[in-house]
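> In our numbering, the protein residues as written are 6 to 620. Structure incoming, see below.
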Amino acid sequence: MTDKTTATKPENNAAIQLPDLNNMSAKIMQIATRSQKLLATFLERNKTTMGKMPEMDPAHLGQAFMDFTSKILSNPNRFVEAQIAFWQDYVKLMKGALESSTSAGHAMPSIIAPDRSDKRFKDPAWQEAWLFDYIKQSYLLTARWAQNLLDNVDGIDPKVAHKIEFYTHQMIDAISPTNFWMTNPEVLRATIETKGENLVNGLSHLLDDIERGHGQLLIKMSDNTVFKFGENIASSKGKVVYQNELIQLIQFSPLTEKVHKTPILITPPWINKYYILDLKPESSFVRFLVDQGHTVYVISWVNPDGRHAKFGFDDYMMMGPVTAAQEIKKITGENTLNTIGYCIGGTLLSCMLGWLAALGDKKPSEMPEIKSATYLVTLIDFENPGDISVFIDEEQVKHIESMMEKDGYLPASVMGTAFAMLRANDLVWSFVINNYLMGREPFPFDLLSWNSDSTNLPATMQSYYLRNMYMENNLIKPDKLSMKGVPIDLRKITIPTFCLSTVEDHITPWRSTYVATQTYSGPVTFCLSGSGHIAGVVNPPAKKKYGYWTNDTAKCPADPEAWLKSAQKHDGSWWPEWAKWLEQYAGEMVPARDPAKNPNVIEDAPGSYVRVRVM
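Shown next, in the form of structure tokens:
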């Protein structure tokens, strides 16, 4: 058999190149062999559970949708109204499709259009080809019909209604015509052009992801091989100057001859790695601070395993920012410190400051005076935490706790899946299309490489956090929570505070983070950045993107909408605005501090803790 065969079109005798059948056959055989191995591994791993009843529905989705259906049936008029509106629009659409298919030049009517932010239908064929336009609008009409049903059902518990709406949107996103090769014009073109190799390559990528996830689908979002720690991610130079079982403390090398007297400690979230604030130099928040003449320290959390199962939330506080602050005082000799907390790292920072406020004059002598606190997209009131709440109720937390019993930690993949579902079109379906349908390798993207570099979570800490913060909302309640036996009241925190939130945040909604302005007793400055939980924070000035809002009122009003109504919109990044605020607490200029001169240096930044990868 030759490598290539040809055929001719009768009308013009133009040769059509058929696929390389030998190559295609070899790929298919490799896929078949790998599939058999994967199936055998799956059966061996699950042989103890084969034939048993499936696990109960911890989210109670079945009951939730049954309640929803019963409410619809109890008021059929609204269902009929929604159905009539849907069919009226659908008849118009079918009529337009019939006319477009039979009359050259007859454009499809625009009954419904995708949202401007919807990236799924940007291929020209969705507008130019009547068939794909019809498929697109049919899908959008169905999605709107489902939303109308959700909006017009009364008498359902708000939490149940939220869960129904969230999972309905998950289903709507899943059935988008862009996610199937036969109804995606871009995939169809690729299938014709590559003679089907895109689908074969996509199947190979699918098997790669299942193998990498040890039987679970772990979608590859970025080509991580091009990123090297200390070079193009976690790129700022520095030294690890201290470590314990939970943290490595990194001091970054100065870039100026003189620095502000008061150093800065950054407490990042331990759900992901610290280097979201230190990717490449041009987008590094750490480098921005060092360029501004600050001595910067950051906590790099351990990627926990079973050895850390018994570490609690207050252990994270004591062995994290408390110990780090004490070490910074030893190293620099300075008795003042500015602090920054990001997301859950900010929640931990608030606990530390509440603990110090409660101790008063009895605080440890080794602790420096905290001059200011900056909170980046941080919740202290968890009453309305957004879509993440659909994963957190008594049954689901019990399920999570049972998962953690065996190994002593929650695997990183569990939280990774939950966060991906919050933005399914961007973090799931776009990669299904690119990797599996188009058969392409994902592009190298530092932000997505960081996003997939998640961490495990210790059982004791995670259970405490879910129950006391999300479920019972105890942190905002005065003296309800205790840290190391000391009741804390966030209202007693009197130091100057800067709160940064982002307008499109899907993890810590800005109206919920705004509660901090009404909680702390010291002066509070609130700033709202454009974009979301990550891009709105990591927004260097050179990009000139997104913008931000400030309000010059002496005291923030209780209503976040009132704050926004009288706020001023600015172009560009919030970083310079915050840097001006920080100057008043940064102290005089002193000779730069070089961590390399510290005799207790452990290793070069970014250290060994950050290099442990579990996904």
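Cβ atoms here follow ideal geometry from the backbone N, Cα and C, with glycine treated the same way. On a predicted model such as this, the values are computed, not experimentally measured, just so you know.
In whole angstroms, what separates the C-alpha of residue 282 from that of residue 330?
The residue given as residue 282 occupies position 277 in the sequence shown. The residue given as residue 330 occupies position 325 in the sequence shown. Approximately 19 angstroms, taken between the alpha carbons.
> Could you compute how far the alpha carbon of residue 412 sits from the alpha carbon of residue 311?
Counting from one through the sequence shown, the residue named residue 412 turns up at place 407. Counting from one through the sequence shown, the residue named residue 311 turns up at place 306. Distance between the alpha carbons of residue 412 and residue 311 is about 5 angstroms.
> Residue 287: which of 232, 567, 594, 545 sits nearest, CA to CA?
Counting from one through the sequence shown, the residue named residue 287 turns up at place 282. Closest option to residue 287, Cα to Cα, is 545.
> With a cut-off of 8 angstroms on the beta carbons, I'd call residue 440 and residue 207 a contact; round off their distance for me.
Numbered from its first residue, the sequence shown carries residue 440 at position 435. Numbered from its first residue, the sequence shown carries residue 207 at position 202. So it is a contact: roughly 6 angstroms between Cβ atoms.
> Where does residue 317 fall in DSSP's three states?
Mapped onto the sequence shown, residue 317 falls at position 312. Reduced to three states, the DSSP call for residue 317 is coil.
> With a threshold of 8 angstroms, are at least 3 pairs of Cβ atoms found where one atom belongs to the stretch 596-604 and the other to the stretch 233-250?
As far as the Cβ criterion goes, the stretch 596-604 touches the stretch 233-250, which means the pair count is three or higher.
> So does the stretch 101-114 actually touch the stretch 177-192, counting three or more Cβ pairs closer than 8 angstroms?
No, they do not touch.
> Excluding five sequence neighbours on each side, which residues of the same chain lie with their C-beta closer than 7 angstroms to the C-beta of residue 260?
Within the sequence shown, numbered from 1, the residue matching residue 260 stands at position 255. Correct list, in chain order: 295, 296.
> Measuring CB atoms only, is the stretch 144-155 touching the stretch 165-181, in the sense that at least three cross pairs come out at less than 8 angstroms?
Yes, the stretch 144-155 touches the stretch 165-181.
> Could you pull out every residue in the same chain whose Cβ sits closer than 6 angstroms to the Cβ of residue 579, ignoring the five residues on either side in sequence?
As a first step, residue 579 is located in the sequence shown; it is residue number 574 there, counting from the start. These residues qualify, in order along the chain: 532, 534, 553.
> Using the three-state DSSP reduction, which class does residue 460 fall into: helix, strand or coil?
Start at 1 with the first residue of the sequence shown, and residue 460 comes out as number 455. It is coil, neither helix nor strand.
> Opposite residue 505 in the DSSP bridges: which residues?
As a first step, residue 505 is located in the sequence shown; it is residue number 500 there, counting from the start. Answer is 381, 532, bridged to residue 505.
> Under 8 angstroms Cβ to Cβ from residue 575, same chain only, skipping five residues before and after it: list those, please.
Numbered from its first residue, the sequence shown carries residue 575 at position 570. Once the five neighbours on either side are set aside, the close Cβ partners of residue 575 are 552, 553, 554, 555, 582.
> Under 8 angstroms: do the stretch 405-419 and the stretch 456-470 share three or more Cβ pairs, one atom per stretch?
Segments in contact, yes.
> With distances taken between CB atoms, is the gap from residue 611 to residue 280 smaller than 8 angstroms?
Position 606 of the sequence shown, counted from the start, is the residue given in the question as residue 611. Position 275 of the sequence shown, counted from the start, is the residue given in the question as residue 280. Against a cut-off of 8 angstroms, the Cβ pair of residue 280 and residue 611 comes out as a contact.
> Where does residue 430 fall in DSSP's three states?
Walking along the sequence shown from the start, residue 430 turns up at place 425. Of the three classes helix, strand and coil, the one that applies to residue 430 here is helix, per DSSP.
> Taking only runs that begin and end inside the stretch 59-93, name each unbroken alpha helix (DSSP H) of 4 or more residues, in chain order.
Whole alpha helix (DSSP H) segments, 4+ residues: 66-79.
> Please list the terminal residues of the continuous alpha helix (DSSP H) segment that includes residue 209.
Against the sequence shown, residue 209 aligns to sequence position 204. Taken as a continuous stretch (DSSP letters only), the alpha helix (DSSP H) holding residue 209 covers 202-217.
> Can you name the start and end residues of the beta strand (DSSP E) that residue 305 belongs to?
Numbered from 1 along the sequence shown, position 300 holds the residue referred to as residue 305. Unbroken beta strand (DSSP E) run through residue 305: 301-306.
> List in chain order: all unbroken alpha helix (DSSP H) runs of 4+ residues lying wholly within the stretch 364-426.
Listed in chain order, the complete alpha helix (DSSP H) runs (minimum 4 residues) inside the stretch 364-426 are 399-412.
> Comparing C-alpha positions only, which one of 300, 249, 272 sits nearest to residue 263?
On the sequence shown, residue 263 is found 258 positions in, with the first residue counted as 1. Among 300, 249, 272, the Cα nearest to that of residue 263 belongs to 300.
> Between residue 509 and residue 537, which are expected to be in contact by the criterion C-beta below 8 angstroms, what is the C-beta distance as a whole number of angstroms?
Translated into positions along the sequence shown, residue 509 becomes position 504. Translated into positions along the sequence shown, residue 537 becomes position 532. That pair is a contact at about 4 angstroms.
> What first and last residue would you give for the alpha helix (DSSP H) that runs through residue 587?
As a first step, residue 587 is located in the sequence shown; it is residue number 582 there, counting from the start. From DSSP, the alpha helix (DSSP H) with residue 587 extends over 580-591.
> The beta strand (DSSP E) with residue 343 in it runs from where to where?
Counted from its first residue, the sequence shown places residue 343 at position 338. First-last of the beta strand (DSSP E) with residue 343: 341-347.
> Can you give me the C-alpha to C-alpha distance between residue 167 and residue 395, rounded to a whole angstrom?
Working through the sequence shown from its first residue, we reach residue 167 at position 162. Working through the sequence shown from its first residue, we reach residue 395 at position 390. Approximately 7 angstroms between the Cα atoms of the pair.
> Are the stretch 441-456 and the stretch 490-506 in contact at 8 angstroms, needing three or more beta carbon pairs?
Touching, no, given that fewer than three Cβ pairs across the two stretches are closer than 8 angstroms.
> When the Cα atoms are used, what is the spatial distance from residue 274 to residue 347?
On the sequence shown, residue 274 is found 269 positions in, with the first residue counted as 1. On the sequence shown, residue 347 is found 342 positions in, with the first residue counted as 1. If I take the Cα positions, the gap works out to 6 angstroms.
> Mind reading off the beta-carbon distance from residue 469 to residue 318? Whole number of angstroms is fine, and I expect it under 8 angstroms.
Residue 469 sits at position 464 when you count from the first residue of the sequence shown. Residue 318 sits at position 313 when you count from the first residue of the sequence shown. That belief holds up - the Cβ atoms of residue 469 and residue 318 are roughly 5 angstroms apart, short of 8 angstroms.
> Tell me which same chain residues have a C-beta within less than 7 angstroms of the C-beta of residue 7, skipping the five on either side of it?
Working through the sequence shown from its first residue, we reach residue 7 at position 2. Only weak support exists for where residue 7 lies, its pLDDT of 36 falling under 50; the value from the coordinates is given anyway. Excluding residues within five positions, none has a Cβ falling inside 7 angstroms.
> Can you round the beta-carbon distance between residue 380 and residue 591 to whole angstroms, since I take them to be within the 8 angstroms contact cut?
Taking the first residue of the sequence shown as position 1, residue 380 is located at position 375. Taking the first residue of the sequence shown as position 1, residue 591 is located at position 586. The pair is not a contact, with the Cβ atoms about 18 angstroms apart (cut-off 8 angstroms).
> Which of the three DSSP states, helix, strand or coil, is assigned to residue 280?
For the purposes of this step, residue 280 is identified with residue 275 of the sequence shown, where counting begins at 1. It is helical.
> Would the beta-carbon of residue 138 fall within 8 angstroms of that of residue 99?
Here residue 138 refers to the residue found at position 133 when the sequence shown is read from its first residue. Here residue 99 refers to the residue found at position 94 when the sequence shown is read from its first residue. Cβ distance not < 8 angstroms, so residue 138 and residue 99 don't count as in contact.
> Per DSSP, what are the beta-bridge partners of residue 555 in this structure?
Position 550 of the sequence shown, counting from 1, holds the residue named residue 555. According to DSSP, which records beta bridges pairwise, residue 555 is partnered with 573.
> Determine the DSSP secondary structure at residue 621, reduced to helix, strand or coil.
What the structure shows of the chain is the stretch from 6 to 620, and residue 621 is not part of that stretch, so it cannot be assessed.
> Can residue 352 and residue 328 be called in contact, C-beta distance under 8 angstroms?
Within the sequence shown, residue 352 is the residue found at index 347, counting from 1. Within the sequence shown, residue 328 is the residue found at index 323, counting from 1. Contact: no.
> Kindly list the residues whose CB is nearer than 7 angstroms to the CB of residue 429, restricted to its own chain and excluding five residues on each side of it in sequence; keep chain order.
Here residue 429 is taken as the residue at index 424 of the sequence shown, counted from 1. Contacts found: 175, 178.
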